[in-house]
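Visitor: Got a structure for you, questions after.
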């Protein structure tokens, strides 16, 4: 269920957040993330593996040191992946599985998402971006409607698909509203920051990473929240 353009950036952002200090990933790290994606390891499983790694590291004797590579997390990611596959086998055998998210959790997340979109709309209004403001408010209402539909049973895949469509609409609105010079400058910054890693990265991965960087900066500029259930439990 993870989106291609989110997989790499989400792992990078979560790793840096856990590390509590900025760090540029190495070509080895990008290759490892690409390998996980190709193997079909879900984003939520990778994030779980990162969480476990940092939890164990904090309990260890080397508390003052920092984890400087995603490769350090590989073992816990693979362990989480094995557990995930075993749980799927149990599910196929008819064993009762607890829901990944409770309806109240999803409703709460969607409520926060709606509020975030309203705040972003106000920022757009202050910048004179009336078209973007209106679109963000419309999408906020759509999220509110989705929230009312999650009071009882929840189909996670359908919720995620709805959010994906709505985020695509947000991206289209932001891209239409933002000055082309601003977008080009953000892209230039991204390529500059990633320049030393470009040689060790697959060309398609480099392009994907640059695009992810651009959207991250544009969303942050308006404080637009990311619209995916994968951001529900990343803290």
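In the numbering used here, the protein residues as written are 286 to 520.
Built from N, CA and C at the ideal position, the CB exists for glycine as well.
(1) Between the beta-carbon of residue 410 and the beta-carbon of residue 421, is there less than 7 Å?
(2) Helix, strand or coil for residue 435 per DSSP?
(3) Once you ignore the five residues that flank residue 337 on each side, which residues in its own chain have a CB closer than 6 Å to its CB?
(4) Helix, strand or coil for residue 463, going by three-state DSSP, please let me know.
(5) Is any heavy atom in the ligand COA found nearer than 6 Å to the beta carbon of residue 421?
(6) Can you give the Cα-Cα distance for residue 296 and residue 415, rounded to whole angstroms?
(7) With DSSP collapsed to three states, give me the class of residue 391.
(8) Exposed or buried, residue 426, counting other C-beta atoms within 10 Å across all chains shown (16 or more means buried)?
(9) Taking all protein chains shown into account, decide if residue 333 is buried (16 or more other Cβ within 10 angstroms of its Cβ) or exposed.
(10) Counting pairs of Cβ atoms below 8 Å between the region 504-515 and the region 451-470, do you hit three or more?
(11) Taking Cβ positions, are residue 329 and residue 515 nearer each other than 7 Å?
(12) So, does the CB of residue 308 fall closer than 7 Å to a CB anywhere in chain B?
Guide: Let's see:
(1) Pairing residue 410 with residue 421 gives a Cβ-Cβ distance that is not under 7 Å.
(2) Here residue 435 sits in coil by DSSP.
(3) Once the five neighbours on either side are set aside, the close Cβ partners of residue 337 are 361.
(4) Looking at residue 463 - three-state DSSP - the assignment turns out to be coil, as it is neither helix nor strand.
(5) With respect to the ligand COA, the structure offers nothing, as it holds no ligand at all.
(6) Taken atom to atom, the span from the alpha-carbon of residue 296 to that of residue 415 is near 33 Å.
(7) Residue state, collapsed to three classes: helix.
(8) With fewer than 16 other Cβ atoms within 10 Å, it is exposed.
(9) Buried, since its Cβ has 16 or more Cβ neighbours within 10 Å.
(10) Yes: the two stretches touch, three or more of their Cβ pairs being nearer than 8 Å.
(11) Between residue 329 and residue 515, the CB-CB gap stays under 7 Å.
(12) In the structure shown, chain B cannot be found, because there is only a single protein chain.
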